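K.L.:
Protein chains in written order, with my numbering: chain A, 1471 to 1760; chain B, 1471 to 1760; chain C, 21 to 397; chain D, 21 to 397.
C-beta atoms are modelled at their ideal positions from N, C-alpha and C, and glycine is treated no differently.
Every value quoted in this text rests on a predicted model; they were computed, and no experiment measured them.
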Amino acid sequence: MSILINKDTKVIVQGITGRDGAFHASKMKAYGTNIVGGISPGKGGMEVEGVPVFNTVEDAVKATGANASVIFVPAPFAGDAILEASFAGVGLVVCITEGVPVQDMIKVTPVLKQNNTKLIGANCPGLITVDECLIGILPGMIFKKGNVGLISRSGTLTYEVVNMLTESGLGQTTCVGIGGDSVSGLYFIDLLEMYENDPETKAVVLIGEIGGDAEEQAARFIKEKMTKPVVAFIAGQSAPPGKRMGHAGAIISSGSGTAAEKIKAFNEAGVPVAKEPSEIPGLVKGKLGM
Amino acid sequence: MSILINKDTKVIVQGITGRDGAFHASKMKAYGTNIVGGISPGKGGMEVEGVPVFNTVEDAVKATGANASVIFVPAPFAGDAILEASFAGVGLVVCITEGVPVQDMIKVTPVLKQNNTKLIGANCPGLITVDECLIGILPGMIFKKGNVGLISRSGTLTYEVVNMLTESGLGQTTCVGIGGDSVSGLYFIDLLEMYENDPETKAVVLIGEIGGDAEEQAARFIKEKMTKPVVAFIAGQSAPPGKRMGHAGAIISSGSGTAAEKIKAFNEAGVPVAKEPSEIPGLVKGKLGM
Amino acid sequence: MKIHEYQARILFKKYGIPVPEGFVCHSVDEVKQKVSDDDKLRVIKAQVHVGGRGKAGGVKLANTKAETIEKAEQILGMDIKGLTVDKILVADAVDIEKEFYVGLINDRNSKSVTLMVSAEGGVEIEEVAKVSPEKIIKMPIDPTMGLMDWQARKIALKLFSDPKEVRQAAAILVKLYQLYVDTDASLAEINPLVLTPDKRVLAIDGKMNFDDNALYRQPEILAMREVSDDEKKEIEANAKGLSYIKLDGNIGCMVNGAGLAMATMDMIKLYGGEPANFLDIGGSSNPEKVVEAMNILLSDKNVEAVMINIFGGITRCDDVARGLVVALDKIKTDIPIVIRLSGTNAKEGLEIIRETGLPTVETMSEAAKTAIELSKK
Amino acid sequence: MKIHEYQARILFKKYGIPVPEGFVCHSVDEVKQKVSDDDKLRVIKAQVHVGGRGKAGGVKLANTKAETIEKAEQILGMDIKGLTVDKILVADAVDIEKEFYVGLINDRNSKSVTLMVSAEGGVEIEEVAKVSPEKIIKMPIDPTMGLMDWQARKIALKLFSDPKEVRQAAAILVKLYQLYVDTDASLAEINPLVLTPDKRVLAIDGKMNFDDNALYRQPEILAMREVSDDEKKEIEANAKGLSYIKLDGNIGCMVNGAGLAMATMDMIKLYGGEPANFLDIGGSSNPEKVVEAMNILLSDKNVEAVMINIFGGITRCDDVARGLVVALDKIKTDIPIVIRLSGTNAKEGLEIIRETGLPTVETMSEAAKTAIELSKK
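Have a look at this one:
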């Protein structure tokens, strides 16, 4: 078991003829992901990295039965790519693109709800169900099959933590990078609920950062609804207020969204918060009685 | 029985503090319509024609349980008034206002669907279930309780026909003026279906005019789905193409929407079409074997 | 409200829809001044609010400046279906590889703005619709989302295959929709939209109509209005709350309500007469409005008899009658008038009118017959 | 991106949101020139990108022209929280009957633009939110319908009761929302929105921020950008695909990935150091980018040691190492550097770097400790 994706997931790549799209399509294929098609308007009929190209998502879904899509198109076109996938009935859309305007994300939100589409991102590294399916730009080789779930607002920091987990013998079920933008698709709570219902996942690592109150909401959710142990880390404890720390969503505004508030919320929910990333594997092992 | 409205219908008047709103509120009340409230933002708490005024439709619905609304606000605000009523959960909205921009009507259409709101109009005289409920600006005294249903795109022409029906002894169940705009709420087919299902209605008079193909669609519907007799009249047989005959929707464009096409469609569906309004009562009596 | 091609081009440009270079001219002198000296293929097009100008000789090609001036001379002043050409568009002619049709309308059935495209461009789309409707692709547009880029691409992919052409065409569709919605249009056509041999996608001819009910919030569009004398009268009437359309017959009619006004015209025709106009005076019994209406009606010199047809509803016939008496007293005319009142308090109303000696009748058909007879005297 | 109050006023005016008369001045001379001779109450406000200017003395009232000049002299050149005031807004002061707060933000939780209003205007809304959150009315706006008039009226009715005031306030809300969406704003505040004794509703102070990710399609907004020296560096870095924020410490850091960069700063702090910056170089191993990043980093004269922290994912550490070696060879600096590589092919990468003699470590904590030590030498 796993959450969101597995070996049966059929993936299409929107923007497959672009540099990043083509590169990561080949990487995903190499990992074993079932890449069934790519989209590039006017280039339907071509092949890229051995993958058939379609003009529209609708064409691709009709021809291949694709149920997941990953988006590599430039930021000005990413919102529209999400809409196209959603209206074509794709159930899971993963938007890797960085720099998507917030209004575009706000505009897609009611459409996703109406069409029952799950979105990961934008501005995210994607997700992986270890040894089954990798969607996005995650480095597959650092993951190892196991029982830890991981959700993160970050990219390389996630890899750092996964690497530590793997090296300490803690394999993973599904790891999800939900992205660093302020308005995104699935968020901590949505995924925590999925992990809670996934028999294979025994513990969850949550990597938050400054900005917003998603971590506080997650802490409440964990306290009230979760039976499985969660270990957290919050990046940005030393960040000054009012400055956007790279990620569009990583900003302390009007004094709210600080790391201190988030750590306090987790502590109150009985969730241990690692002081530095290298503490995480130990905390997980402690919770699992290992 | 009847369609759409009856003695239990609770009606609010949007724009009750305006000249037309106040005048017709009193006329409707005098007819026996259960007018439970009026709307005028900032004038909540007042009374007009003995009717309590509310600031918003939401307030009025909460306080009175209103399930129908009639709109008398000026054209630039009519679209918004429809939206307000629809979002407040009013099931039937009757928009009397003339001159509502088409884009405003197009914008309300998906909202009406989403909120399950029935709209009559805009640019219509309203509707009446004889001796029970009158919503709009129809002259109540010309109607008489009976078994004929009537649907019309026109105002005074409707009164003319109703008067003839009444004088010839043919009373009515419910008469609906659907309005003369090109994009409107309920249309011929919607209402024909209701009449077909109303046990009290024995025959239907349909008054169409040039423009669009709603009459042709109605003819097809009658042929395929209706068991009750329908008699039709089409205004505008002598109208030149390309000219808007008063009603925004009454225009023959690109040679389509002519009276001849509509009459042909009705003839093919076995619906007798009166050459002049005064023929209508005779045709109805003939169909009813009277 | 209609605008000319040259005006549609101005709006197209504002929204970034590419059109060939061109300008409008009102006289041959202006053509001489504005046309550059270099030889190139130009097209000279009559700017009139009527279809079929091509067949009528209102569109001509020219290779040189001299030829352009010559053709402009031929077209300016020309009569096309009763309209005098008083302005022309002089535009660069472009080489055409393919022609397409693109149109947006307010569709009554889907109750939405509907996009129509066809690979059969450059001809009357109504013809295509009749002969081979399957060649027109229609897509209703959800007003809450507007025309989304992916939808525009999907439609563009039905006409074009090269990615660059698809991109150009899709962008034009999105821009045209935006223009349409922003200006409360009721029709927007690009016919033809062309692909040039050097793979540019261009709007060669444009047509736009606008929703009269929305002009109050479209000052820029309203400023583009150019009206004929007949239209002036219609617009004046509108401003007074009257709805007037001039027709070619000799029986003037004045009615309350648009449907009843149409039925009245039909009745006149049914009994062998010819209506001179459509005239809806609306719902009030205000004598001033009746005076205005009569003045407009009688300004048509073809009118030989007048039929007044009023149904009294909420406004009772006796009130209407009193208004009519006051109004008709103010209007000095020899044209015979017949008055028909029906509905609430019709008897009382007719009584009031009869006292003044004006001819009255009780049914529409009688009124029509009487008016026709009176017109023949 | 932030703009000044005087710039927000320009946008407000463009959208028909009423503001008192006023103008911006960059010098006392300009004030002398622009202020009219008549005596009236004016307000002189420092235009700086920082809150609390009122408390800092950056807002003053004046009754006469002479007084206005005097107050302008006091404010121009003033230091507010480290920022020098180089422009002021001189505006007519208005009598105030009531003050309100109106704000629009992008709300992360409802994933929508959210309207917030409060009858507690004129004070910091964050204070109201903390002390009495029930006094703030919030409404998420459906992006497909926008802020509908009836919704704006409903909200306006919570603040005003007279129909005319409700109408004015509702119109302001709708216009502010339109402005917000049209310009890709991320914050729009009117604080206070006031009711004057003569029952006009006016925007007295305005604040707007914009979504940096959307500036590519907002040329008009981008043209309003006024940046401090620090911000200039950040914007330059951004243009090169780097994300840089200057801080006050002495340990420069260069990291791939925003989350890891934050964690690196935190780590330095955890071990008693002070980070000099946030610097995310993104995902590539391109030596040019590393050179650019190092140049920006070292242009901060406070930097006494540099910590490079790279996690190799898809881009392998050996490739990154080769890039680093090339880049560091180009940069001539005496500032000590410690490099930490982790992830894919970390060992091979570290080996390559060690060959060049640069100090390398294997863990983040070790890297932080080493950098702190090096900075003290």
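Alpha carbon to alpha carbon, what distance is there between A/Leu1620 and A/Thr1643?
P.N.:
Position 173 of the first sequence holds residue 1643 of chain A. Position 150 of the first sequence holds residue 1620 of chain A. Near 8 angstroms, if we compare the C-alpha coordinates of A/Leu1620 and A/Thr1643.
K.L.:
Are any of the Cβ atoms in chain B nearer than 9 angstroms to that of D/Arg73?
P.N.:
By 1-based counting over the fourth sequence, the position of residue 73 of chain D is 53. Judged by the 9 angstroms Cβ criterion, D/Arg73 is not in contact with chain B.
K.L.:
So, helix, strand or coil for C/Arg360, using DSSP?
P.N.:
Here residue 360 of chain C is taken as the residue at index 340 of the third sequence, counted from 1. In the structure shown, C/Arg360 sits in a strand (DSSP, three-state: E or B).
K.L.:
Quick check on D/Tyr291: does DSSP put it in helix, strand or coil?
P.N.:
Position 271 of the fourth sequence, counted from the start, is the residue given in the question as residue 291 of chain D. In the structure shown, D/Tyr291 sits in coil (DSSP, three-state: anything other than H, G, I, E or B).
K.L.:
From the DSSP output, in three-state form, read off C/Thr390 for me.
P.N.:
Mapped onto the third sequence, residue 390 of chain C falls at position 370. Of the three classes helix, strand and coil, the one that applies to C/Thr390 here is helix, per DSSP.
K.L.:
What does the alpha-carbon distance come out to for the pair D/Glu375 and D/Asp339?
P.N.:
Position 355 of the fourth sequence, counted from the start, is the residue given in the question as residue 375 of chain D. Position 319 of the fourth sequence, counted from the start, is the residue given in the question as residue 339 of chain D. C-alpha separation (whole angstroms): 15 angstroms.
K.L.:
Run through DSSP, which three-state label would A/Ser1726 get?
P.N.:
Indexing the first sequence from 1 puts residue 1726 of chain A at position 256. Of the three classes helix, strand and coil, the one that applies to A/Ser1726 here is strand, per DSSP.
K.L.:
When DSSP labels each residue in this structure, what does C/Pro212 get in the three-state scheme?
P.N.:
Here residue 212 of chain C corresponds to residue number 192 of the third sequence, with the count starting at 1. In the structure shown, C/Pro212 sits in a strand (DSSP, three-state: E or B).
K.L.:
Determine which residues share a DSSP beta bridge with B/Gln1484 and list them.
P.N.:
Taking the second sequence and counting its residues from 1, one reaches residue 1484 of chain B at position 14. Answer is B/Ile1509, B/Ile1541.
K.L.:
Quick one: what's got a C-beta closer than 7 angstroms to B/Met1634's C-beta in the same chain, skipping five residues either side?
P.N.:
Counted from its first residue, the second sequence places residue 1634 of chain B at position 164. Within the same chain, B/Met1634 has close Cβ partners Pro1747, Ser1748, Ile1750, Pro1751.
K.L.:
Can you list the beta strand (DSSP E) stretches of 3 or more residues lying completely in the stretch 1612-1644 of chain A, in chain order?
P.N.:
Here the runs fully enclosed are 1615-1622.
K.L.:
Can you pull the chain D neighbours of B/Thr1526, defined as C-beta to C-beta under 8 angstroms?
P.N.:
Counted from its first residue, the second sequence places residue 1526 of chain B at position 56. Per Cβ cutoff of 8 angstroms: Trp170, Arg173, Lys174, Leu177.
K.L.:
Helix, strand or coil: how does DSSP classify A/Glu1781 here?
P.N.:
Shown here, chain A extends from 1471 to 1760; a query on residue 1781 of chain A therefore has no answer.
K.L.:
When the Cα atoms are used, what is the spatial distance from B/Asn1525 to D/Lys178?
P.N.:
In the second sequence, counting from the first residue as 1, residue 1525 of chain B sits at position 55. In the fourth sequence, counting from the first residue as 1, residue 178 of chain D sits at position 158. Each residue's Cα considered, the two are about 11 angstroms apart.
K.L.:
Please name the residue or residues paired with C/Tyr121 in a DSSP beta bridge.
P.N.:
Taking the first residue of the third sequence as 1, we reach residue 121 of chain C at position 101. C/Tyr121 pairs with C/Ser138.
K.L.:
For the beta strand (DSSP E) containing B/Glu1679, name the first residue and the last one.
P.N.:
Reading the second sequence from its first residue, position 209 is the one you call residue 1679 of chain B. Run containing B/Glu1679: 1673-1679, per the beta strand (DSSP E) assignment.
K.L.:
What residue range does the alpha helix (DSSP H) around B/Cys1594 cover?
P.N.:
Position 124 of the second sequence, counted from the first residue, corresponds to residue 1594 of chain B. Segment: none, B/Cys1594 is in no alpha helix (DSSP H) and carries neither H nor E.
K.L.:
Excluding sequence positions up to five away, which residues of its chain have a Cβ less than 6 angstroms from the Cβ of D/Ser362?
P.N.:
Working through the fourth sequence from its first residue, we reach residue 362 of chain D at position 342. Within the same chain, D/Ser362 has close Cβ partners Phe331.
K.L.:
Residues of the stretch 149-168 of chain C in Cβ contact with chain A at a cutoff of 9 angstroms, in chain order, please.
P.N.:
Taking 9 angstroms as the Cβ-Cβ cut-off against chain A, the residues of the stretch 149-168 of chain C that qualify are Thr164, Met165, Met168.
K.L.:
Put A/Ser1748 into one of helix, strand or coil per three-state DSSP.
P.N.:
Position 278 of the first sequence, counting from 1, holds the residue named residue 1748 of chain A. Helix.
K.L.:
With B/Gly1502 as the anchor, note down where its beta strand (DSSP E) starts and where it stops.
P.N.:
Within the second sequence, numbered from 1, the residue matching residue 1502 of chain B stands at position 32. No beta strand (DSSP E) holds B/Gly1502; DSSP gives it neither H nor E.
K.L.:
Would you call the stretch 39-50 of chain C and the stretch 1652-1672 of chain B in contact, with 3 or more CB pairs under 8 angstroms?
P.N.:
Verdict: no, contact absent.
K.L.:
When you compare the CB positions of A/Ala1720 and A/Ala1709, do they come within less than 9 angstroms of one another, or not?
P.N.:
Counting from one through the first sequence, the residue named residue 1720 of chain A turns up at place 250. Counting from one through the first sequence, the residue named residue 1709 of chain A turns up at place 239. Contact flag set, yes.
K.L.:
Restricting to Cα atoms, I'd like to know which of D/Asp249, D/Leu394, D/Met228 is closest to D/Met21.
P.N.:
Counting from 1 along the fourth sequence, the entry for residue 21 of chain D is found at position 1. The residue with the shortest Cα to Cα distance from D/Met21 is D/Met228.
K.L.:
I'd like to know whether the C-beta atoms of D/Ser263 and D/Phe230 end up nearer to each other than 9 angstroms.
P.N.:
Within the fourth sequence, numbered from 1, the residue matching residue 263 of chain D stands at position 243. Within the fourth sequence, numbered from 1, the residue matching residue 230 of chain D stands at position 210. The answer is no: Cβ separation not under 9 angstroms.
K.L.:
Taking Cβ to Cβ, would you say A/Ala1592 is nearer than 9 angstroms to A/Ala1548?
P.N.:
On the first sequence, residue 1592 of chain A is found 122 positions in, with the first residue counted as 1. On the first sequence, residue 1548 of chain A is found 78 positions in, with the first residue counted as 1. A contact, by the Cβ cut-off of 9 angstroms.
K.L.:
Find the nearest neighbour of D/Val133 within the set D/Tyr197, D/Cys273, D/Pro212, judged by alpha-carbon distance.
P.N.:
On the fourth sequence, position 113 is the one that residue 133 of chain D refers to. With distances taken between Cα atoms, D/Val133 lies closest to D/Tyr197.
K.L.:
If you drop the 5 nearest sequence neighbours on each side, which residues of the same chain put their C-beta closer than 6 angstroms to that of D/Ile125?
P.N.:
The residue given as residue 125 of chain D occupies position 105 in the fourth sequence. Within the same chain, D/Ile125 has close Cβ partners Thr134, Leu207.
K.L.:
Would C/Asn329 and C/Thr364 be called neighbours here (beta carbons separated by less than 9 angstroms)?
P.N.:
One-based indexing of the third sequence puts residue 329 of chain C at position 309. One-based indexing of the third sequence puts residue 364 of chain C at position 344. No.
K.L.:
Would A/Val1743 and A/Val1701 qualify as a contact pair, given that the criterion is a beta-carbon distance under 9 angstroms?
P.N.:
As a working note, residue 1743 of chain A is residue 273 in the first sequence. As a working note, residue 1701 of chain A is residue 231 in the first sequence. In this structure, A/Val1701 lies closer than 9 angstroms to A/Val1743 by Cβ.
K.L.:
Candidates D/Trp170, D/Thr203, D/Asp182: which alpha carbon is nearest D/Leu193's?
P.N.:
The residue given as residue 193 of chain D occupies position 173 in the fourth sequence. Out of D/Trp170, D/Thr203, D/Asp182, D/Trp170 has the C-alpha closest to the C-alpha of D/Leu193.
K.L.:
Starting from D/Ile108, follow the beta strand (DSSP E) in both directions and report where the run begins and ends.
P.N.:
For the purposes of this step, residue 108 of chain D is taken as residue 88 along the fourth sequence, with counting starting at 1. 108-112 is the extent of the beta strand (DSSP E) around D/Ile108.
K.L.:
Using CA coordinates, which residue listed in C/Gly277, C/Asp249, C/Gly279 is at the minimum distance from C/Lys266?
P.N.:
Numbered from its first residue, the third sequence carries residue 266 of chain C at position 246. Per the Cα distances, C/Asp249.
K.L.:
So B/Lys1513 contacts chain D; which residues on that side make the cut at Cβ distance below 9 angstroms?
P.N.:
The residue given as residue 1513 of chain B occupies position 43 in the second sequence. The contacting residues are Pro183.
K.L.:
Whether or not the stretch 1729-1743 of chain B and the stretch 155-162 of chain C are in contact is what I'm after, with contact meaning three or more pairs of Cβ atoms, one per stretch, closer than 8 angstroms; do they touch?
P.N.:
No, the stretch 155-162 of chain C does not touch the stretch 1729-1743 of chain B.
K.L.:
Where does B/Ala1735 sit, in a helix, a strand or coil, going by DSSP?
P.N.:
Here residue 1735 of chain B refers to the residue found at position 265 of the second sequence. Of the three classes helix, strand and coil, the one that applies to B/Ala1735 here is helix, per DSSP.
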